[in-house]
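Chain order of the listed sequences is A and B.
Heads up: the first sequence begins at 405 in my numbering, then just goes up one per residue.
Heads up: the second sequence begins at 946 in my numbering, then just goes up one per residue.
Virtual Cβ for every residue (Gly too), placed ideally from N, Cα, C.
All values derive from a computational prediction rather than experimental measurement.
The next block holds one structure in the form of structure tokens; read it before the comments.
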Amino acid sequence: MSEVPAALEGRVCFVEAHPFGGGAPVQRFRLSNGLEVLVLVDREAPVFSYQTWFAVGSRHERPGKTGLAHLFEHLMFNETEKLPYGVFDRKLEEAGAESNAATWVDWTYYYENLPREALGLATELESERMARLVLQEPQVAREKEVVMNERRMRVDDDVDGSVSELLYSTVFREHGYSWPTIGWMQDIEGFTTADCAEFYRAYYAPNNATLVVVGDVDVPALLSLVVERYGALSASARPREDVRPEPPQTEERRVEVHKPTETERLVVAYRGPALGDQDHAALSVVNDVLFAGRGSRLYGALVQRGELAIDCRGWVSTFRDPGLYEISVTARPDVTAEALLEVLDRELAEIVASPPTDDELARVKAKMELGALSGLQTVAGKAEQIGFWSVVTGDPSDAFRRLSAVRRLTPDDLLRAARRYLTPSSRTVILVRPSGDDEAEAE
Amino acid sequence: MRLHVEPSSALPLVGFSIAFGQGGAHDPVEREGLARASMRMLRRGGAGLDGKGIEDAVDRLGAEIGADASMSAVTVSGEVLARNASALFELVGRLLASPAFEPAELSKLVRESQAELVEARDNDRGLASRALRRTLFHGHPYARRVAGSVTSLAALTRADVVGWHAATITRANAWVTVYGDVDDARGRELAQRLLAGLPEGVPHQDPVCDPVRRVGRELVFVDKPERTQVQLSIGTLGTRGDDGDHHALIVANTAFGGTFTARLMNEVRGKRGWSYGASSRLSLDRRREAWSMWTAPGEADAPACLALQLDLLERLVNDGLTAEEVEFAKSYLARSHVFEVDTAEKRAHRELDAAVLALPDGYHASYLQRVAEVDVDRANAALRARLSADDLVIAAVGTRAASLDALTAATPRLARTTVAPHDLE
């Protein structure tokens, strides 16, 4: 299985092969400085996806410095020792790249999708910014402005964004999931260049990164490039994470908020399992019975038959630590959030009282199989699955193990998960009213 | 019926799209939203099933389907686990051929669609885009919303929907693409399942003509409370696929605002940090569509950002691009083109779009060659011929008291200003 060229022995080692569906496995290699390299050869098109996943997200920040991981994601597109401002992106675009990045609670990742000829360019650029980023006041100040404008767009002027922020800060009082990934506005304003430099030294190092390469690549050639470009980089002394597990929630929390919207909204969140918890798949299937598609129970009760809502959604957070089971419903004009809650409570009581039918379970399993396969049509989609599961649970094969776990679920498993998590004392309810209505807020 | 099959054994999935060349632009006056409502009715009853029965049947097959309308066409699309492809295509074929169109269900759909229009007012960028199109294409079908309006939806009757279906959902008006885990013969067999129950019908002629450019600079301010930003959408008329300078304008737009390092992004975000995003685009349809640029500056920066964008546009039209900018854009378009065709689904939809948008024969096959032929002179000639820095619409969504006067003052040669409430239909 190992495709490590003899000349590279001692500098990179083959670790293991992870089964990935029915096709070629994902090969895991490791450099002596700790850099993990995950490779899946896929010659369906003459392209590859090159992704760099760092095990740092907003959970690793601290109060007063929220949003630093996200701001840093922006700064990574700035100047390096070899590349003046703008040249990094210019080179990628000239090669025909699709590129961007994303930050969330547990991770940050950067990607380039490129024609196969550009493998050398990808390794050159990504290794350069992992080790030789230039952080200076003008760039930091400008990028802070950009991020503040992003925050205005995604949060301050967006009802759903601002309510989501309120939800997480209401539920989490200890854990780092409490603050928004984009950060509080006053924290973004307050960042210094020194903050950024300290963050870079701590987290942007080979021993905190995983390269994921999927596509039409030659593995020995890739490894040679990776060793050449990354091999001399030093590992960092990664800070100990000051994890503060969230204590159990023992009574319902309820918040009423006014927003400039014409329709009321209801957001309900129960405490949810970590992605690695064996109940995660079961609760996700419960959620799909309730919310996935137009045939789901709540879509029927709230949107189609009930005509109370415009839309309803449910989502079990895919976080490394226990997160939320979030439910959000947008009311039709003149329908109150309380009316939505009444129907929701009735349906939740039903699924806690008796398990979904065999037919419902079969339908959800078929939909999940379709969803899993649909996400693997591009090299980027495959690389995202590999990177995400590798960083959050430690094993890219979990993408398919989860599908197997779903196939094995029985109605009894779903009943157990529903009863474990859908407990009224552990939930938080946000009632969103249009501005101009009675604005007295109550908790 | 025209058919394209795009085989790929990469995954055990089969997908399809079937389009009919009658969209929102062809809805009767005061019945806007008819095409879209009729399509949405297809999954609310038919083939002996009610709406819930249809959804359950689709879910059991491990499938997804969607039915929607664009300006020039309506489409049903779907994807299914390969082992269940025959059953899904059979089901969709029966839904296309024998929808129930229950009056009670139509009333429910109308109420649901009206509520969606109200909820859409929460989307500021959408409001800016809507204000731009409503003004830029004033008097032309492209000014409409494909979803219709609260008023036009209320006027829809079952007879409207039945009549629309009979005239539109026919073999003569259909384009079909099947892609994924099929060979050519299997793809053709599946396509026939979609079409089996449809009448032959008569091919539609498209009566929509090109829109006329509005004269002068016009500011449309959409007043919405409690905004911290201004959404700016600025546009003029753009291109058609059969314009001689179509590809030159694509290259020029890419250089100006089509990539992260393009001139517009560099000036607005890179140098000044005024907006998270800054981009320009050329929309494409059967008739001349819009060229537009978008930013979302904070309230304090909005007047300066608007002035900068207008200046950039003026210099783009008058002074043009540099040869270096043009060559860079060509390189980007040529090398990134592989991502337009790297999956069977993308290749299939590209063919379908070419048919639906009535693009010239060989449009996609000759695309790279046409792009390669563009030089700086052709790109700049296209900019001068097609875009205008004087005849344009500026749509802004913000809070009037905080932003309107400053935006007006920041716009030289402003001919007209209109203030609209954010709930304007």
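Proximal residues of chain A, C-beta to C-beta of residue i below 7 Å
i: D1001/B; result: G699 and R767
i: V1063/B; result: E666, T667 and P737
i: D1067/B; result: V563 and T665
Beta-ladder partner(s) of residue i, from DSSP
i: W1239/B; result: S1178/B and S1224/B
i: F961/B; result: G1023/B and V1123/B
i: H464/A; result: Per DSSP, none; premise fails for H464/A.
i: H1191/B; result: The partner list for H1191/B (beta bridge, DSSP) is empty, contrary to what the question assumes.
i: Y514/A; result: T456/A and A505/A
i: C716/A; result: V733/A
i: D1350/B; result: BP columns for D1350/B are empty, so no partner.
i: T1356/B; result: Partner(s): none; T1356/B has no beta bridge.
i: A601/A; result: BP columns for A601/A are empty, so no partner.
Residue i: contacting residues in chain A (beta-carbon distance under 8 Å)
i: Q1174/B; result: N553, R556, M557, D560 and D561
i: A1273/B; result: The sequence shown places Phe at residue 1273/B, rather than the Ala named in the question. Ordered by position in chain A, the residues that pass the 8 Å Cβ test against F1273/B are R494, E497 and E498.
i: P1170/B; result: P664 and S839
i: R996/B; result: Correcting the residue identity first, residue 996/B is Gly in this sequence and not Arg. Within 8 Å Cβ-Cβ: R698 and Q708.
i: D1013/B; result: Near D1013/B there are no residues of chain A at all, since even the closest Cβ is about 14 Å away, more than 8 Å.
i: P1242/B; result: N553
Cα-Cα separation, residue i to residue j
i: A1076/B; j: R648/A; result: 48 Å
i: R1070/B; j: D1128/B; result: 43 Å
i: S1094/B; j: L1062/B; result: 7 Å
i: L1139/B; j: E668/A; result: 41 Å
i: C600/A; j: P828/A; result: 42 Å
i: D692/A; j: E764/A; result: 9 Å
i: L1098/B; j: A809/A; result: 46 Å
i: G1038/B; j: A1141/B; result: 7 Å
i: V567/A; j: M1210/B; result: 30 Å
i: E1296/B; j: T1122/B; result: 8 Å
i: D1187/B; j: L1313/B; result: 16 Å
i: L774/A; j: V795/A; result: 24 Å
i: G699/A; j: L706/A; result: 12 Å
i: T1356/B; j: W508/A; result: 39 Å
i: D900/B; j: A1073/B; result: Absent from the model: residue 900/B. The displayed extent of chain B is 946 to 1370, so no value can be given.
i: M786/A; j: H684/A; result: The question names Met, yet the displayed sequence has Lys at residue 786/A. Computed Cα separation, rounded: 21 Å.
i: A1207/B; j: L979/B; result: 40 Å
i: S839/A; j: E666/A; result: 8 Å
i: E847/A; j: Q1059/B; result: Summary for E847/A: the model assigns pLDDT 36, below 50, so the residue's position carries little reliability, and this model does not support an answer.
i: A844/A; j: V836/A; result: Any reading at A844/A must be qualified, since the residue scores a pLDDT of 46, below 50, and its modelled position is unreliable; no value is offered.
i: E1163/B; j: L1359/B; result: 6 Å
i: V1147/B; j: V1196/B; result: 38 Å
i: A1119/B; j: E975/B; result: 26 Å
Listed by chain order, chain B residues near residue i by CB distance under 8 Å
i: N517/A; result: F1284
i: L774/A; result: L958, G1007, A1008, E1009, E1024, V1025 and L1026
i: T507/A; result: Per Cβ cutoff of 8 Å: no residues; T507/A is ~14 Å from chain B at best.
i: G704/A; result: K997
9 Å Cβ cut-off: residues of chain B touching residue i
i: I586/A; result: Result: empty, since nearest Cβ-Cβ is about 11 Å, beyond 9 Å.
i: R546/A; result: R1214, G1215, K1216, R1217 and G1218
i: I714/A; result: E1057, A1060, E1061, V1063 and E1064
i: E502/A; result: S1281 and F1284
i: G490/A; result: T1206, N1211 and G1215
9 Å Cβ cut-off: residues of chain A touching residue i
i: R1056/B; result: E711 and R736
i: S1348/B; result: Simply none; closest approach about 13 Å.
i: Y930/B; result: Any property of residue 930/B remains undetermined from this structure, which presents chain B solely from 946 to 1370.
Residue i: contacting residues in chain B (beta-carbon distance under 7 Å)
i: K771/A; result: D1004 and G1007
Closer than 9 Å, Cβ to Cβ, to anything on chain B: give me those residues from the stretch 549–579 of chain A, in chain order. E549, V550, V551, M552, N553, E554, R555, R556, M557, R558, D560, D561, D562, V563 and D564
Going along the chain, which residues of the stretch 650–670 of chain A sit with their C-beta nearer than 9 Å to a C-beta in chain B? K663, P664, T665, E666 and T667
For the stretch 1199–1233 of chain B, which residues have a CB atom closer than 9 Å to at least one CB atom of chain A, in sequence order? T1204, F1205, T1206, A1207, N1211, R1214, G1215, K1216, R1217, G1218, W1219, S1220, Y1221 and G1222
Which ranges does the alpha helix (DSSP H) cover as unbroken runs of at least 4 residues, wholly within the stretch 1301–1347 of chain B, from first to last along the chain? 1312–1318 and 1321–1331
Quick one: complete alpha helix (DSSP H) runs, 4+ long, within the stretch 966–1042 of chain B? 979–986, 996–1005 and 1030–1042
Give, in chain order, every unbroken run of the alpha helix (DSSP H) that is at least 4 residues long and sits entirely within the stretch 747–812 of chain A. 762–778, 783–796 and 802–812
Going along the chain, which unbroken runs of the alpha helix (DSSP H) with 4 or more residues stay wholly within the stretch 572–597 of chain A? 589–594
Which residues, in order along the stretch 442–461 of chain A, keep a beta-carbon less than 7 Å from a beta-carbon of chain B? E448, A449, P450 and V451
In the stretch 774–804 of chain A, which residues sit with their C-beta less than 7 Å from some C-beta in chain B, listed in chain order? L774, L777, S778, L780, Q781 and T782
Could you run through the stretch 467–483 of chain A and flag, in chain order, every residue whose CB is less than 9 Å away from some CB of chain B? F481
For the stretch 1282–1309 of chain B, which residues have a CB atom closer than 7 Å to at least one CB atom of chain A, in sequence order? V1283, F1284, D1287, T1288 and E1290
Near-chain A residues of the stretch 950–975 of chain B - C-beta to any C-beta below 8 Å: S953, A955, L956, P957 and L958
What are the complete beta strand (DSSP E) segments, minimum 3 residues, inside the stretch 645–721 of chain A? 657–663, 669–675 and 713–720
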